[in-house]
Structure formats: structure tokens, C-alpha cells
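Note that the numbering used here has the sequence shown beginning at 277, numbered continuously upward. Glycine residues also receive a C-beta, built at the ideal position from the N, C-alpha and C atoms. Keep in mind the model is a prediction, meaning the values are calculated, not measured.
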Amino acid sequence: LKRNKCHIGVPEVEFLGFLINASGISPTPSKLKAIKEAPIPKDKAELQAFLGLLNFYNLFLPQKATIAEPLHRLLDKSATWTWGRKEAEAFSKVKALLTSKSILVQYNETLPLTLTCDASPYGIGAVLSHKFPNNEEAPIAYFSKTLSKTQRNY
Numbered sequence: 277l278k279r280n281k282c283h284i285g286v287p288e289v290e291f292l293g294f295l296i297n298a299s300g301i302s303p304t305p306s307k308l309k310a311i312k313e314a315p316i317p318k319d320k321a322e323l324q325a326f327l328g329l330l331n332f333y334n335l336f337l338p339q340k341a342t343i344a345e346p347l348h349r350l351l352d353k354s355a356t357w358t359w360g361r362k363e364a365e366a367f368s369k370v371k372a373l374l375t376s377k378s379i380l381v382q383y384n385e386t387l388p389l390t391l392t393c394d395a396s397p398y399g400i401g402a403v404l405s406h407k408f409p410n411n412e413e414a415p416i417a418y419f420s421k422t423l424s425k426t427q428r429n430y
């Protein structure tokens, strides 16, 4: 251990791209800024890079798969690159999801859990939450997956 890299007794710490404090876990401000200021992708490679950055924070993105479906469709091998209104809306909405100050609470084994699931023709999603004594719920993690063409036939 290096002394200058150790932080003991601090109210919050930045670790592996996450900000961790007593309230919970959130993306770091620098990563949020990078996503918020990301330019509109000009090709599949730029779109893949953007979606890869989003996937790193997938736990913070409720309904990401459904909202980002038009973007994922552009990455299909047979798709031709056409950036239209649907893609622009999806790009804006998915950026807003992450920049909306989502904080995930830390797991507490003494609190009850709630698992909420949902599905659409394009994706599936879930949220795992704690239920607090005042009946409020707070998310521990989100799950979101875009369905493949084969899975959409189920």
C-alpha cells in the first residue's frame, strides 16, 4: 500500500469510476460530464464507443435497453447508418437517464428487498430496491438488456 493512495476517515471516495459515500454509490462527476457532453455519433464505431461508456454505468440506467433500442438497431451488421429523429431522441433520453443524479443505495441485509421487473418488445428491465421503514423505496441496482432478434420472437 502506498501512503499517498490511502484514504482513511474521509466522507467520500472515488473508486474505479464510482463515487462512494454514506448515501450510496454514483457515477463520478467527470464521467457524467463526458457522457453529457458526448457529441452525436457520426458512425457505428463512435456509437459503439458511446454505448460502451453507458454500459459501464448500466446499474444506474433504468429502462436503458428499451430507450436505447434505436441506437442498438444501428449496430446491427445488416443496418445502414441512418441517423434520424428516433435515434436523436434515444441519444438525448439515454444521456438524460445517467445525468439525472441517480444514486444507488448500499445493500443492507436488515432491510427488505423488492424486485420489480418489466419487459417490452425490445428489451427487459428490472430494479432491485430496499424498502425502508417509512415505506419509501430506493434502488440498489438496475438491470436492462436489449433483446436480440431471436429473443424478440419469444
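{"Query": "Distance CB(Ala366)-CB(Ile343) smaller than 8 Å", "Result": "yes"}
{"Query": "Cross-strand partners of Ser405 (DSSP beta bridge)", "Result": "Thr390 and Pro415"}
{"Query": "Distance, Asn280 Cα to Ala364 Cα", "Result": "44 Å"}
{"Query": "With 16 other Cβ atoms within 10 Å as the buried cut-off, status of Ser302", "Result": "buried"}
{"Query": "Spatial distance of Thr304 from Asp394 (CA atoms)", "Result": "28 Å"}
{"Query": "Host beta strand (DSSP E) of Val343 (start-end)", "Result": "Note that residue 343 is Ile in the sequence shown, not Val. Note, Ile343: premise wrong, no beta strand (DSSP E); alpha helix (DSSP H) at Lys340 to Ile343."}
{"Query": "Integer Cβ distance of Ala337 from Ser420, believed to fall under 8 Å", "Result": "A quick correction: the sequence has Leu, not Ala, at residue 337. That pair is a contact at about 6 Å."}
{"Query": "Nearest to Leu329 (by Cα), restricted to the options Thr422, Ala310 and Lys318", "Result": "Ala310"}
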